[in-house]
Amino acid sequence: MSPPTIELTVEPYQSGLRVDAFLAQQLRNYSIWKLQRLARWGAITSRHQPIDLLRRLSPGETVSVQLLEPPEVVYEPEPFPLEVVFEDAWMLAVNKPPGIIAHPTGNMQSGTLCHYVQDYLDQQTVVPGLLRPGIVHRLDRETSGVILIAKTHLAHRNLVDAFEHSRVAKTYLALVKGALQADSGTIDFPIGQARKGAKVLMSARGDALDPKPARTNWQVLRRLPGFTLVAAKPVTGRNHQIRVHFAAIGHPLAGDEFYAAQGEFLPATRDSLEAGRRLSDIRCTGTGLARHALHAAQIEVAHPITGVWLRIQAGPPADLLSAICRLVAAKP
Numbered sequence: 001m002s003p004p005t006i007e008l009t010v011e012p013y014q015s016g017l018r019v020d021a022f023l024a025q026q027l028r029n030y031s032i033w034k035l036q037r038l039a040r041w042g043a044i045t046s047r048h049q050p051i052d053l054l055r056r057l058s059p060g061e062t063v064s065v066q067l068l069e070p071p072e073v074v075y076e077p078e079p080f081p082l083e084v085v086f087e088d089a090w091m092l093a094v095n096k097p098p099g100i101i102a103h104p105t106g107n108m109q110s111g112t113l114c115h116y117v118q119d120y121l122d123q124q125t126v127v128p129g130l131l132r133p134g135i136v137h138r139l140d141r142e143t144s145g146v147i148l149i150a151k152t153h154l155a156h157r158n159l160v161d162a163f164e165h166s167r168v169a170k171t172y173l174a175l176v177k178g179a180l181q182a183d184s185g186t187i188d189f190p191i192g193q194a195r196k197g198a199k200v201l202m203s204a205r206g207d208a209l210d211p212k213p214a215r216t217n218w219q220v221l222r223r224l225p226g227f228t229l230v231a232a233k234p235v236t237g238r239n240h241q242i243r244v245h246f247a248a249i250g251h252p253l254a255g256d257e258f259y260a261a262q263g264e265f266l267p268a269t270r271d272s273l274e275a276g277r278r279l280s281d282i283r284c285t286g287t288g289l290a291r292h293a294l295h296a297a298q299i300e301v302a303h304p305i306t307g308v309w310l311r312i313q314a315g316p317p318a319d320l321l322s323a324i325c326r327l328v329a330a331k332p
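Going by my numbering, the residue at position 33 of the sequence shown is 33; the numbering climbs one at a time, nothing skipped.
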């Protein structure tokens, strides 16, 4: 069986790109060295003729690549039962479970969303690794919910631009401690880096480093014994924004291991837990949750190719539903 050939069409925004730059965008798992080898072997053509990698391209032109070599392995594919809540030829959205990070980092080089999505995408291509997961934004490790992933360079480019220019509407479910006095409101405190803490933490206090404007709109969904379930809609996109903002007004998220009321940090962040005391014993009190109670329930954004406005939703996971049901049952 001969190696597969793929055909790539030059989009208007790619007009004038050199062939090597164009292929680097389209085939992100192929190094420039592999592309150069394929070109030397005559495996990269246009109109059935070998093409110089330095030549500049025109819109509508088609570049054919015979995949004589496999892609580089950037993320080792790992099977995982992903819950896909939206998918088409250009993008997909998954409902990320809690406890999973998006990208490899430090000593966590496996078991990430990238590895799981790589395996999922490999089922759709003629060659494993042909598509690389273009994760557009991030959720904290313990935050569950909708996360968008681009399949193509143009989709990734346009989605990233939408996030960078605040053309995205996000809605989170958050279970916060205590009873919020109003039924809705806005938290408008700048957020910067905290001066203390064993990890990189954020703060809405006056002594935060390099504070930037941050605003979160919220609405009460249900009042529960000792807690309030809210819909939180961040207008800005600061790191840990919802967690920091609700902690700053005295209503930290249930199960949050870092952020306490009035901008204080929990002892766990200063490595001062007494010997033998489990962190989960601190975090689960009252809810049964072993993580902070935050779920990205909905993202609204223009489709990166068609421009159609999308509303992508993901249901909360079992642990959060169980916590809410437990509190509902306890209500007098």
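Built from N, CA and C at the ideal position, the CB exists for glycine as well.
- A contact is defined here as three or more CB-CB pairs under 8 Å, and the stretch 130-144 fails this definition with respect to the stretch 179-196.
- Between ALA169 and GLU300, the gap from beta carbon to beta carbon is short of 8 Å.
- Pairwise C-beta distances place the stretch 146-158 out of contact with the stretch 217-237, as fewer than three of them are shorter than 8 Å.
- Inter-segment contact for the stretch 59-73 and the stretch 29-38 is present: three or more beta-carbon pairs are separated by less than 8 Å.
- With respect to the 8 Å criterion, VAL127 and LEU159 are not classified as neighbours on the basis of their beta carbons.
- When DSSP states are grouped into helix, strand and coil, GLU164 belongs to the helix group.
- Taking C-beta separations shorter than 6 Å and ignoring five residues to either side along the sequence, the partners of VAL235 in its chain run ARG215, following chain order.
- Runs of the beta strand (DSSP E) lying entirely within the stretch 220-266 and spanning at least 3 residues, in chain order: 227-234.
- Around the beta carbon of LYS96, 16 or more other beta carbons sit within 10 angstroms, so the residue counts as buried.
- Cβ-Cβ distances below 7 Å link PRO3 to GLN66, LEU67, LEU68 in the same chain, with the five nearest sequence neighbours on each side left out; the list follows chain order.
- Proximity of the stretch 116-127 to the stretch 75-87 meets the contact definition, three or more beta-carbon pairs being nearer than 8 Å.
- With 16 or more neighbouring CB atoms inside 10 Å of its own CB, SER203 falls in the buried class.
- For the set ALA323, LEU173, GLY237, the Cα lying nearest the Cα of ALA290 is the one of ALA323.
- Annotation for HIS115: the continuous alpha helix (DSSP H) segment containing it runs 113-122.
- Secondary structure of ASN95 (DSSP, three-state): strand.
- Counting only the Cα atoms, LYS212 lies some 24 Å from VAL230.
- Beta-bridge pairing by DSSP links VAL73 to no other residue.
- When C-beta atoms of the stretch 43-57 are compared with those of the stretch 5-19, three or more pairs fall below 8 Å, so the two segments count as touching.
- Ranking SER46, ALA155, ASP52 by CA distance to the CA of THR62 puts SER46 first.
- GLY307 is classed as exposed because its beta carbon has fewer than 16 other beta carbons within 10 Å across all chains shown.
- Here DSSP, grouped into helix, strand and coil, assigns VAL301 to strand.
- Separation of GLY185 and LEU154 (C-alpha to C-alpha, rounded to the nearest whole angstrom) is 37 Å.
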